[in-house]
Every structure is written in structure tokens, then in C-alpha cells.
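Q: What follows is a structure written as C-alpha cells; I'll ask about it next.
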Amino acid sequence: MILVVDDDKAIRLSLGMILRRAGYPTECVASPEEALAAVRRQAPSLIFMDMNYSARTTGEDGLELLRKVKILVPQTPVILITAWGSIPLAVEGMRLGAFDFITKPWNGAVLLRRVETALALNGVPENTAGEFDRCGIIGRSRRLTEILDTVARIAPTDASVLVTGENGTGKELIARAIHVNSRRAAAPLVKVNLGGISQSLFESEMFGHVKGAFTGAVDSRKGRFELADRGTIFLDEIGDLDLNCQVKLLRVLQEGTFEPLGDSRPRKVDVRVVSATNADLPARLGDRTFREDLFYRINAITLHLPPLRERREDIPLLARSFAGEKDFAPEALELLARLPWPGNIRQLKNVVERAVLMAHGPRISRTDIEEADALRLDAASSRSALPQGLTLEELERNAILAALEKHSGNLSLAAAELGITRQSLYRRMEKYGITN
Numbered sequence: 013m014i015l016v017v018d019d020d021k022a023i024r025l026s027l028g029m030i031l032r033r034a035g036y037p038t039e040c041v042a043s044p045e046e047a048l049a050a051v052r053r054q055a056p057s058l059i060f061m062d063m064n065y066s067a068r069t070t071g072e073d074g075l076e077l078l079r080k081v082k083i084l085v086p087q088t089p090v091i092l093i094t095a096w097g098s099i100p101l102a103v104e105g106m107r108l109g110a111f112d113f114i115t116k117p118w119n120g121a122v123l124l125r126r127v128e129t130a131l132a133l134n135g136v137p138e139n140t141a142g143e144f145d146r147c148g149i150i151g152r153s154r155r156l157t158e159i160l161d162t163v164a165r166i167a168p169t170d171a172s173v174l175v176t177g178e179n180g181t182g183k184e185l186i187a188r189a190i191h192v193n194s195r196r197a198a199a200p201l202v203k204v205n206l207g208g209i210s211q212s213l214f215e216s217e218m219f220g221h222v223k224g225a226f227t228g229a230v231d232s233r234k235g236r237f238e239l240a241d242r243g244t245i246f247l248d249e250i251g252d253l254d255l256n257c258q259v260k261l262l263r264v265l266q267e268g269t270f271e272p273l274g275d276s277r278p279r280k281v282d283v284r285v286v287s288a289t290n291a292d293l294p295a296r297l298g299d300r301t302f303r304e305d306l307f308y309r310i311n312a313i314t315l316h317l318p319p320l321r322e323r324r325e326d327i328p329l330l331a332r333s334f335a336g337e338k339d340f341a342p343e344a345l346e347l348l349a350r351l352p353w354p355g356n357i358r359q360l361k362n363v364v365e366r367a368v369l370m371a372h373g374p375r376i377s378r379t380d381i382e383e384a385d386a387l388r389l390d391a392a393s394s395r396s397a398l399p400q401g402l403t404l405e406e407l408e409r410n411a412i413l414a415a416l417e418k419h420s421g422n423l424s425l426a427a428a429e430l431g432i433t434r435q436s437l438y439r440r441m442e443k444y445g446i447t448n
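All residue numbers for the sequence shown refer to the working numbering, where the first residue is 13 and numbers rise by one.
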């Protein structure tokens, strides 16, 4: 049973009709007192809860009801109902344990997807190993296994997922595993490096534009959200997104609609959102460089990927996969397992691939690893270590890899070392297929 709590009769009727037509048994009540009585009679599977029940209050009664409900039925997901101008109140509710929030007026299709996701996450079945595609993710460590178990459980839902972790830990691979194991697998997975999109280009890149929308717009162009329709959009480096752009992103995530640049007609979009960052978003909430409402919208589920130094038992497996048919001497694997790997899996991959090329015998030795690791030089001096006869593009790609490795994947430092902007570095990484 779904419980709807709202003192507005029109909202109770509208929301009740939407839910019942979708096949959900629904009870609607008008006050906090009736809501608590209903919860005591029968624990609901989901609760929709308005935040205001009196013109004289500013949401305190809604927050108090939420606190009481979470004591009575702590496992029941609660979706808050609020107006757009009252989103800070919804954010406070999320801090108190609400699962999600919707704003009035709502989009019926989006609302039902939220319901389906909340119910699925509250009782999602275990996925069997045979049904789960790891998408090339290698490792058997306890921490990685726990993460993949969670991915298997949440992939069939539409829950928004925030993937955190240092550069080089495999956040994009996790996003791909979520998509490939979801019911959206036949539709596109669209990747966006948000840190590389300037504020002036954000709307055009994300929402597209129509012909003539601005100087140089000689043709209409689809944005990333439209390209990802019915699929998944992967918002990489979301922690670096400008505050003004965060507002525009929140709108489409909340309402499921967007307007291409130069077109005032809203367009609907159905996407699952997976975000990633190496930033400390809670700290950015504190210094007000990241919006709380957006933070709670993107992280129904948070997955934190451990650095390689915290899953050292996986290093031999990863190294063998990167070495192809080449084998390792035992002492070489021992050395690999002890190195700090500030650049994580990407750095390990680069060192192993160099060691394969430099190996003096049939097996990769400890000396080969030491020599390969010693080639982690700065971008300028690394030019002398590159093989002769490379094309200009190959030289540029290697210089980018060297700079990223030197700075452990920090894009700002790598871009500064290369003498280009962060946006230019993103474009070149996309050109050469370099992931971070």
C-alpha cells in the first residue's frame, strides 16, 4: 500500500488517481495525525508526504511528521512533495532520511518512475553471478566484490547513482556495468565530462540547439540528454560543474524536460543518471560550491571505489590482464603489489604495458618493473624516453598520458603542465580515447 499525505484535496485526488491507475493500492489522508494512525494500522510500502499542513508554518510540521514516521517505519521510503521554491525544505527532509522529493506540478511519467525505483530498492532481489556482466572489471577483493554485488542489485532499477573515488579507480567502468546490466542496455550510454564544458557552452552541449540559435549555429544539434533518451547518461566530474550550470542540470533531472537553445518548446527525456567525481562533495556543500538539492538528486545510491593501495590482492590479477600473454617472475608481482600507485589502475596499466615492451627475457622481471616505473617523468623530459618514429598524434597522446600519470590523474595540474586549458585537455582525451 502507498500512503499519500497532503492537506490539499486536489493533490490527494490527482496523486491517488495516478497511483491507482498504475496498479498501486493507495490510501490518501489529509493530516499528520491521520498519517500516523494509518502507518500504525499497516506499514506502507511507500509514503508520499507533503511538507506543509498550515499556512502559519514553514514546514516544521512536515519535518516533525517525517521524524515520527522514520521512527515507526524506518525502512519505508518517503518521497516528499514540495513546491520548487521550497526545495531547501525538501533538502532538510533528505537529511532526515527521506528517499526522494518531487516538486509541484509534477510529470506523471517521471513520478511513476520514482515510485518504481523506490519500491525496487526497498526490496530488490539478489542478482545471480551468471546474469551479471562485469564489463571487464577485474578483481576478487572483498571491497570490490561488495561494490559489484551492490551494482548487480541496483542496476535493474532507475535509481540515480553517484560513484566516488580517486582518479584511475574505474568509475567509468562501474557506470558501464550499471548500464549494461539494466533494462536500458539496448539504448545508449552517453558520457559527458562536465568539468570540460564551459558555462557558455553548457546548454548547447547538454540540451542541444536549433538552427540559428546563435552565431555559427548553421544546423540544429541534439544535446547529450536527447542522445541518451531511454538510456543512461554518465555525468563525469560532476563536482567541477559551475553553480549556474548546476541549476540548469537540476531542472532536467527533476522535471524530465529540457528546452534546446533557441527553442521555447519543452521536450521530454527519459534517462537514468550515473554521476562520478573525485571531489569531496560534502565538503563542497559546506563551502556552498555545490548545491545540496542537486547532491540529493544524484545520489540515491553512492558507490565509493577504493584506491588500488586498499585492494592490493587484486594487483596481480590486473597486472596479468594488462600483460597479455607475457608472464611475470614472482618477485616482479611482489614489487607491483607493494608500490603505492597514486594513479591507481590507470598507472598500473601504463607501467605493465611499458614493462612488456622493455622485458629482457621471456618473463617480466623485477628489474623490468623498476625500469618501467622509473619512466614516470614529467611531460617535458618524457619526450626523450619516447620511441622514435611516432606520429605527432602519438607523441601528443603519450605526453598527455605522462602528464596525467605524473599528477595522479589531476586534470587541472596535468593541463597546466601541458600548457593547455582544462577544456582543451578534455577534448584531447576524448579524441584519443583516454579515460581518467
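Glycine is no exception: its CB is placed at the ideal position from the N, C-alpha and C atoms.
Taking the beta strand (DSSP E) that lysine 203 belongs to, which residues open and close that run?
A: Note, lysine 203: beta strand (DSSP E), 201-205.
Q: Does the region 353-365 come close enough to the region 404-421 that 3 or more CB-CB pairs lie under 8 Å?
A: Output reads yes: the region 353-365 touches the region 404-421.
Q: Could you pull out every residue in the same chain whose Cβ sits closer than 8 Å to the Cβ of arginine 277, ignoring the five residues on either side in sequence?
A: If we look at arginine 277 and ignore the five residues flanking it on each side, its Cβ neighbours are Glu271.
Q: Report the residue ranges of all alpha helix (DSSP H) runs contained in full by the region 94-160; include only those spanning at least 4 residues, in chain order.
A: Within the region 94-160, the complete alpha helix (DSSP H) runs of at least 4 residues are 99-107 and 120-134.
Q: Which runs of the alpha helix (DSSP H) fall wholly inside the region 288-354 and span at least 4 residues, in chain order?
A: Complete alpha helix (DSSP H) runs here, min 4: 293-298, 304-310, 327-335 and 342-350.
Q: State the Cα-Cα distance for the pair glutamate 178 and aspartate 73, rounded to the nearest angstrom.
A: Glutamate 178 and aspartate 73: Cα-Cα distance of roughly 41 Å.
Q: Quick one: give me the first and last residue of the beta strand (DSSP E) that isoleucine 245 is part of.
A: Start and end: 244-248.
Q: How big is the Cα-Cα spacing for leucine 201 and alanine 42?
A: Approximately 42 Å between the Cα atoms of the pair.
Q: State buried or exposed for serine 287, treating a residue as buried only when at least 16 other CB atoms are found within 10 Å of its CB.
A: With 16 or more Cβ atoms within 10 Å of its Cβ, serine 287 is classed as buried.
Q: In chain order, what residues of the same chain have a beta carbon less than 6 Å from the beta carbon of alanine 344, not counting five sequence neighbours either side?
A: Only Ile376, Ser377, Arg378 and Ile381 meet the Cβ criterion.
Q: Would you report the Cα separation of lysine 260 and glutamate 238, rounded to the nearest angstrom?
A: C-alpha separation (whole angstroms): 15 Å.
Q: Just list the beta strand (DSSP E) runs in the region 25-81, keeping only unbroken ones of 3 residues or longer that don't cross its boundaries, in chain order.
A: Whole beta strand (DSSP E) segments, 3+ residues: 38-41 and 58-62.
Q: Please return the same chain residues whose Cβ sits closer than 7 Å to the Cβ of leucine 123, not counting the five positions on each side in sequence.
A: If we look at leucine 123 and ignore the five residues flanking it on each side, its Cβ neighbours are Ile30 and Ile114.
Q: Buried or exposed: where does leucine 265 fall if 16 or more other Cβ atoms within 10 Å of its Cβ makes it buried?
A: The residue is buried, with at least 16 neighbouring Cβ atoms inside 10 Å.
Q: Which first and last residues belong to the alpha helix (DSSP H) in which leucine 255 is found?
A: Run containing leucine 255: 255-267, per the alpha helix (DSSP H) assignment.
Q: If I follow the unbroken alpha helix (DSSP H) through leucine 185, where does it start and stop?
A: It spans 183-192 - the alpha helix (DSSP H) in which leucine 185 sits, taken as one unbroken run.
Q: Quick one: grab the DSSP three-state call for isoleucine 376.
A: Isoleucine 376: strand per DSSP, three-state reduction.
Q: Pick helix, strand or coil for isoleucine 446, following the three-state DSSP scheme.
A: It is coil, neither helix nor strand.
Q: Restricting to Cα atoms, I'd like to know which of Ile93, Pro100, Pro86 and Arg165 is closest to arginine 303.
A: Of the listed residues, the one whose Cα sits closest to arginine 303 is Pro100.
Q: Taking its Cβ as the centre, do 16 or more other Cβ atoms sit within 10 Å of glutamate 215, making it buried, or is it exposed?
A: Its Cβ being crowded by 16 or more others within 10 Å, glutamate 215 is buried.
Q: Quick one: using the 10 Å Cβ neighbour count with 16 as the cut-off for buried, is serine 468 buried or exposed?
A: In the structure as shown, the chain starts at 13 and stops at 448, and residue 468 therefore has no counterpart that could be examined.
Q: Apart from the five residues just before and just after arginine 126, which ones in its own chain have a Cβ nearer than 6 Å to its Cβ?
A: Only Asp112 meet the Cβ criterion.
Q: Give the single residue among Val283, Leu255 and Pro319 whose Cα lies nearest to the Cα of alanine 121.
A: The shortest Cα separation from alanine 121 among Val283, Leu255 and Pro319 belongs to Val283.
Q: With H, G and I counted as helix, E and B as strand and the rest as coil, what does DSSP make of leucine 389?
A: Residue placement at leucine 389 cannot be trusted, given a pLDDT of 44 that sits under 50; the coordinates are not used to answer.
Q: Taking only three categories from DSSP, how would you classify lysine 280?
A: In this structure, lysine 280 counts as strand in the three-state DSSP scheme.
Q: On the CB-based measure, 16 or more other CB atoms within 10 Å of its CB, does asparagine 290 come out buried or exposed?
A: It is buried - the Cβ of asparagine 290 has at least 16 other Cβ atoms within 10 Å.
Q: Does the count of Cβ pairs from the region 158-167 and the region 185-192 closer than 8 Å reach three?
A: Yes: the two stretches touch, three or more of their Cβ pairs being nearer than 8 Å.
Q: In angstroms with no decimal places, state the Cα-to-Cα distance between proline 44 and aspartate 20.
A: Each residue's Cα considered, the two are about 13 Å apart.
Q: Going straight from the alpha carbon of leucine 27 to that of valine 16, what length do you get?
A: The alpha-carbon atoms of leucine 27 and valine 16 are separated by roughly 8 Å.
Q: Looking at the structure shown, is valine 16 part of a helix, part of a strand, or coil, going by DSSP?
A: Valine 16: strand per DSSP, three-state reduction.
Q: In the DSSP assignment, find the unbroken alpha helix (DSSP H) run with valine 363 in it and report its ends.
A: 356-370 is the span of the alpha helix (DSSP H), which, as asked, contains valine 363.
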